[in-house]
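Numbering-wise (this note's numbering), the sequence shown opens with residue 6 and increments by one.
Beta carbons: idealized from backbone N, C-alpha and C, even for Gly.
Here the structure is a predicted model, which means the values were calculated and not measured.
What follows is one structure encoded as structure tokens, with my remarks underneath.
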Amino acid sequence: MDNECYNAFASPMTITQNTMLENETGTTQKPPKLLDIDDFSGWVDRFGNWVEAYHLDAWEHIEVEYSRPLGNNKVNIPIRELSAEEKKKYKDEKLIISLLQQAIKEDIFILLQHNGSACSIWNELESKFLGSDDMLKNKKSLMKKEFDLFRGLRNESIKQIIERYCNLLKV
């Protein structure tokens, strides 16, 4: 009887659904995961909201690139010699990098060409999703050509025309 009660709440399907929900929305301990680059547009808001809710100071390093202070000989100052404020900035930078590494699937993360800062990781991720300037230009011109050639087909209802038109705009 005890097993039946437990199984009702912890069936493989329930566990899978909970895991999928945790990956999508995150928990208080883990950020939402980006499992596929095509999910970026929805994930970016969830991740941003999660970080701002739980680690607001760290979010600053996404917006403004952090650079560790250098000594006289152009070498990084050791952590123990940083001021309290600089230590906090350094810690926040490392925190947001760690959160990005946890949130972004490794297959996607290794494709990003960044300099190791949180800001560069974020910018590379955005450019990977949006594409290069040439790619965006080509997409726009292709969409314009498809729009210019768009016509209603014989025996096609208005609803079908609208559906095809909406699909054209999604591309």
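(request) Sort 159, 117 and 107 by Cα distance to residue 131 and report the nearest one. (result) The shortest C-alpha separation from residue 131 is found at 117.
(request) Could you tell me the distance, in whole angstroms, from the CA atom of residue 122 to the CA atom of residue 60? (result) 17 Å
(request) Quick one: grab the DSSP three-state call for residue 77. (result) coil
(request) Could you check what DSSP says for residue 115 in three-state terms: helix, strand or coil? (result) coil
(message) Using only the alpha-carbon positions, how far apart do residue 81 and residue 72 sit?
(response) If you draw a straight line from the Cα of residue 81 to the Cα of residue 72, it is about 10 Å long.
(message) Between which residues of its own chain and residue 5 is the CB-CB distance below 6 Å, once the five residues before and five after are set aside?
(response) With the chain covering only 6 through 176, there is no way to say anything about residue 5.
(message) When you compare the CB positions of residue 115 and residue 42, do they come within less than 7 Å of one another, or not?
(response) Contact flag unset, no.
(message) Short of 6 Å in beta carbon distance, which residues of its chain neighbour residue 45, apart from the five on each side in sequence? Order them along the chain.
(response) 134
(message) Please report the distance separating the alpha-carbon of residue 158 from that of residue 141.
(response) 29 Å
(message) Looking at the strands, I want to know which residues DSSP matches up with residue 39.
(response) 109
(message) At the level of alpha carbons, what is the spacing between residue 128 and residue 155?
(response) 35 Å
(request) Would you mind sorting residue 171 into buried or exposed? The rule is 16 or more other CB atoms within 10 Å of its CB. (result) exposed
(request) Using a threshold of 7 Å, state whether the C-beta atoms of residue 38 and residue 108 are closer than that. (result) yes
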